[in-house]
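Converting from the sequence shown to this note's numbering requires adding 372 to each position, the first position being numbered 1. Okay, so here's the structure we're looking at.
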Amino acid sequence: MTWLRAFVEVVRSGLKIEETRLEPLLALRAAAGMAIVIGPALWLVSPAYAASAALGAYSAGGATFQRSWRPRKVVALGAGAGLALSTFVGYLAAGRLVTFLALLAVWAFAAGMAWAVGSTAGIVAATTVGSMLVTVTLPTSVGHAMEHAGVIALGGVTQALLIWLFPIRRWGAHRDALADALAAVADYARRLRHDPTAPFDPEPLMTARDAAAVTPSQARTRPSVLHGPRGLAERIRPVLAALADPDVGAPAEGPGRDRARELLDAAADVLDAAARSIRRGTPAEVRPESTDVLRVDEEHEVLEGPARQAAERLVELLGEALEIAGSGCALGRTPTPPGPAGAQFLMRPTMLRLVPVVARAVRRELRRDSPVFRHAVRLAAVATLGYLIAARLPLGHGYWAPIASVMVMRPDFHRTYARAVARLAGTLAGVALATGMVRALGPDAHVSGALAVVSAGLSYTLNRTGYAYSQCFTAAYVVFLLGMGGQAWEQTVPERVVLTLLGGALAMLAYVVFPAWETPRLPGRLADWLAANGRYAAAVLRNYAEPTREHHADVRRALLESREARAAWQEAYDRARQEPVRPRGLTSREAQEAQEALKGFGRAAMLMESHVPPADSRFVPQAERFAEALETDTAQAAADVREHRNPDWGRVEEALQAWEDVSGSGSPVVRREAELQKRALEDLATAVSRTPLERDVGSAREEQRVRATLAAEGNGSGPAHQGG
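Printed below as a string of structure tokens:
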């Protein structure tokens, strides 16, 4: 992508309106928290203290809108404490410019490294840098600095207290995550009706698993409905794929395909009803037509063999989902999560036990090629440089420039540039709006404080519709806040615009000087995904070779690793497509084809997992040899992809040929799925091959396209499997 096209995409993304559900009640509660601390501070003390109170309450309230599975009151308290600490420490170092710049650089670097823990930690940490830059100009002594820090912390405490007193949709984010997972599987079922090899994005299932991890205190208060349905969605998904697949499930045409479509439609209806029930916390009803479809008639059932097994298994699982949809409460039999005996929930560390977890995460990112480390270096450099430049300009409030830089910078190119554009656009609109109101009303300090609270509430309300629109009211909030302290708009408005432009330009320039491009890392991400998929497929095969509980647990662990590797690839691939960098190692076409091949490989393993035999079933010894070959070849191929060499599947071909030569070698379905895996690996080799040494790459790609065309026409002779 050229720089011009990248910048056009940046502007479009920065000004895009996100279609998301607004949360006005949450915004009202956060705005009320601001009003509670601003009013008394303005009335009893001074505008300076009211400004500190507003800073703490506004930032703590904004932190609660970030995505976090911890209670919002904990997030508010943590944000308030961080803001207070940065304020006090910053004032202690503010006496000498060299000392303050050193502290600012270290603090900004630490805030950048907080992204190693997650986006919420990174964003909240960035606000503490802004707090340090702003409030060092307010106190006049150490005692006053402690008072301002206390007032800022009081803002966080107030927000946390309001959250405790007036809970709104308790466990709402967790309910939404679980409901989204069930709804995603329902959508998958509907798409399978028309496309038997439709892809499935496991991100909703990953998010639901992340939301399911709770601390011991959360586990005691978690609604019972949040215990079991996630595992249900995990089990239904491969069964849906196995039923719809024309190779190992229902036939491509005829009464069997019609019956499969009926079951898929009924499954979607039941899963949607369960999702609505969980999201709203109320019972939901399923159409009688859907429940009628789910009755399997032993005599008149048209599905046979593996397809019938999949249908019976689907009906059994949907029966459990019907219990959720019918009662709105937990399953009668909650699945036991994988893990040690006695583990009843996915463990999330408490705040104290989180310290070593954070330390390990940060230590992993302390390397030169890490995007998080590079982001931290850029953040430290831009914060100090912006502060120095702004201090030399004949403008007041020079801290606005480094604050603008710190708040727009992200570890990746696209979001940094998009937020810089959005912040400038939002600032221009916000200061224009606030200026018009100030000129029309001529408000005093109390009215300005009230307008600041209203602007903050609107900023909270539009928080998830797009950064530009939220920033518009944030800019207005700042103008009113300064007006509350007696600052004239004729002075503050031009300064805010110029310094915001300067800060955004510094943030953009920093990424050009010290970038963290994802494009060169694509081969490594692809190799990680290939190796993880190979381990997952091998674990499934070993379950056929020797069905045991230990092998079942190995499959689950390998599946989670495969999903994480796929998510890392997808994130890197999406970012690389938005970067103005020439492809290195993988062209855009090669990356796309390799991605589709690996999705097909993962999907074949998933289909095989849907037919995994119970622990007392007979063994398939040939599966063990194929598993060893598959794991060895994919591990070697991962190294080859990193080194830009052509992968080779010699061991896989030999093992598959030996499997063919053995008569009565187990279920033909398993054998067919092994062939699908080999074909997907061949497609991957075709995608990443550099030279036609032993393979005519052009012919192989043409053969791949022909197979895909035949599959689309319903021929059934080798569909191009997708998804994963």
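All C-beta atoms, glycine included, are put in the ideal place defined by N, C-alpha and C.
Check your understanding: Mapping DSSP to helix, strand and coil, what is V984?
Key -> coil
Check your understanding: Excluding the five sequence neighbours on either side, which residues of its own chain have a C-beta within less than 6 Å of the C-beta of L416, listed in chain order?
Key -> none
Check your understanding: the ligand NAD heavy atoms versus the CB of E1000: any closer than 8 Å?
Key -> Annotation note on the ligand NAD: not contained in the displayed structure, which lists no ligands.
Check your understanding: Taking the DSSP output, what are the residues bridged to M719?
Key -> V586
Check your understanding: Would you say A790 and Y839 are within 9 Å of each other, going by their C-beta atoms?
Key -> yes
Practice item. Please list the segments of the alpha helix (DSSP H) lying wholly inside the stretch 385–463, counting only runs of 4 or more residues, in order along the chain. Key: 396–416 and 419–435
Review point. Taking one C-beta from the stretch 865–876 and one from the stretch 792–800 each time, how about it: are there three or more such pairs within less than 8 Å?
Key: yes
Practice item. Could you tell me the boundaries of the alpha helix (DSSP H) in which Y540 lies? Key: A small correction: the amino acid at residue 540 is Ile; Tyr does not occupy that position in the sequence shown. Here I540 belongs to no alpha helix (DSSP H), and DSSP marks it neither H nor E.
Review point. Any chance the stretch 718–735 sits against the stretch 480–499, with 3 or more Cβ pairs inside 8 Å?
Key: yes
Review point. How should E1054 be labelled, buried or exposed, when 16 other C-beta atoms within 10 angstroms of its C-beta is the threshold for buried?
Key: buried
Practice item. Please report how far the alpha carbon of L873 lies from the alpha carbon of A792, in whole angstroms. Key: 8 Å
Exercise for review: Mark T392 as exposed unless 16 or more other C-beta atoms lie within 10 angstroms of its C-beta, in which case mark it buried.
Suggested key: exposed
Exercise for review: In the DSSP assignment, find the unbroken alpha helix (DSSP H) run with T788 in it and report its ends.
Suggested key: F785 to L813
Review point. At which residues does the alpha helix (DSSP H) containing H747 begin and terminate?
Key: P743 to R764
Point to revise | Nonlocal neighbours in the same chain, by C-beta distance under 7 Å from R956, ignoring five residues either side | key: T891 and P892
Check your understanding: For G515, does the three-state DSSP call read helix, strand or coil?
Key -> helix
Check your understanding: For E657, does the three-state DSSP call read helix, strand or coil?
Key -> coil
**Study point:** Distance, T499 Cα to A561 Cα
**Key:** 43 Å
Point to revise | L475 versus A532 - alpha carbon distance | key: 29 Å
Exercise for review: Identify whether V489 lies in helix, strand or coil by the three-state DSSP scheme.
Suggested key: coil
**Study point:** Own chain partners of R331 with C-beta closer than 8 Å, once the 5 adjacent residues on each side are dropped
**Key:** Nothing can be reported for residue 331, as the shown portion of the chain is limited to 373 through 1096.
Exercise for review: Put Q1029 into one of helix, strand or coil per three-state DSSP.
Suggested key: helix
Point to revise | Of the residues Q994, A1007, R782 and E1032, the one placed nearest A497, counting alpha carbons only | key: R782
Exercise for review: Can you grab the Cα-Cα spacing for the pair H601 / E695, in whole Å?
Suggested key: The displayed chain sequence assigns Pro, not His, to residue 601. Between P601 and E695, the C-alpha separation is close to 10 Å.
Check your understanding: CB G906 to CB A776, shorter than 9 Å?
Key -> no
Point to revise | Beta-carbon proximity of F998 to L1056, cut-off 9 Å | key: no
Point to revise | DSSP three-state assignment for N905, whether helix, strand or coil | key: helix
Practice item. Quick one: measure Cβ to Cβ for L612 and A639, integer angstroms, because I've assumed they're closer than 8 Å. Key: 6 Å
Review point. Of all the options E996, V819, T837 and L449, which has the alpha carbon lying nearest to the alpha carbon of L853?
Key: V819
**Study point:** Sequence-distant residues of the same chain with beta carbon closer than 6 Å to P707, five excluded per side
**Key:** Note on P707: pLDDT 40, under 50, position unreliable in the model; no value is reported.
Exercise for review: Would you kindly work out how many angstroms separate the C-alpha atoms of G462 and T846, rounded to a whole number?
Suggested key: 24 Å
Exercise for review: Note down the Cα distance separating D637 from A646, rounded to an integer number of angstroms.
Suggested key: 14 Å
Exercise for review: Pull up the CB-CB distance for A466 and F472, whole angstroms please, since I reckon it's below 8 Å.
Suggested key: 5 Å
Check your understanding: How is D816 classed by DSSP in three states: helix, strand or coil?
Key -> coil
Review point. Measuring CA to CA, which of R961, D630 and P574 is closest to H566?
Key: D630
Point to revise | Rounded Cβ spacing between A425 and G528 (contact assumed at less than 8 Å) | key: In fact, because the Cβ distance is near 11 Å, the residues do not count as touching under 8 Å.
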